[in-house]
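Student: Taking UniProt numbering, the leading residue of the sequence shown gets 1, the next gets one more, and so forth. For glycine and all other residues, C-beta sits at the position ideal for the given N, C-alpha and C. This structure is a prediction, so every number in the text was calculated from the model and none was measured.
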Amino acid sequence: MTSYYDSRGQKQLYIGLVVDSHPNAMFHIYVSSLKKLALGYVSGKMRESAIRIIRGDTVLIELSGYDQTRGRIVQRLDNYSLSLDNDSSDQPEPDKDPFFDKGRQGSSRPDPDPNDTERDGAS
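1. DSSP beta-bridge partners for I30?
2. Below 6 Å CB to CB, which residues in the same chain sit around E62 once its five sequence neighbours on both sides are set aside?
3. Per the DSSP calculation, R76 is bridged to which residue(s)?
4. Does G44 come out as helix, strand or coil in the three-state DSSP assignment?
5. Name the DSSP beta bridge partners of R70, please?
6. In whole angstroms, give me the CA-to-CA distance for D78 and T58.
7. Within the same chain, show all residues whose beta-carbon is closer than 7 Å to that of H22, passing over the 5 residues directly before and after it, in chain order.
8. Using only alpha-carbon positions, find the residue among G40, Y30 and R55 that is nearest to S64.
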């Protein structure tokens, strides 16, 4: 948990997991360090950059010192796994891209020969 002070009061940053999304761009976020749900909205810079938040994303949420159940999503965290049951067996390896490697698994086509000079039957 990281916290800092601003002119209106103390705001704290927490890591949370998006549990549910609402049509009005509000999200229910489970904050693991507080063990409770918070209702958050997407910050303006994220909205301008068209960063999409979906269920299951890990986010950095800024909660007010006055109300710990409402906050603002300031960042979507990449390559960070946070689950409700704290099971680390489902975490992907950081060096492997699951989307890149997915297409090559079980492919019946052989890999092209790099030494082959003929292309499409033209000689």
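Tutor: Looking at the coordinates:
1. This sequence places Tyr at residue 30; Ile is not what is there. Answer is L17 and L37, bridged to Y30.
2. K11, L13, G71, R72 and V74
3. V59
4. helix
5. L39
6. 8 Å
7. none
8. G40
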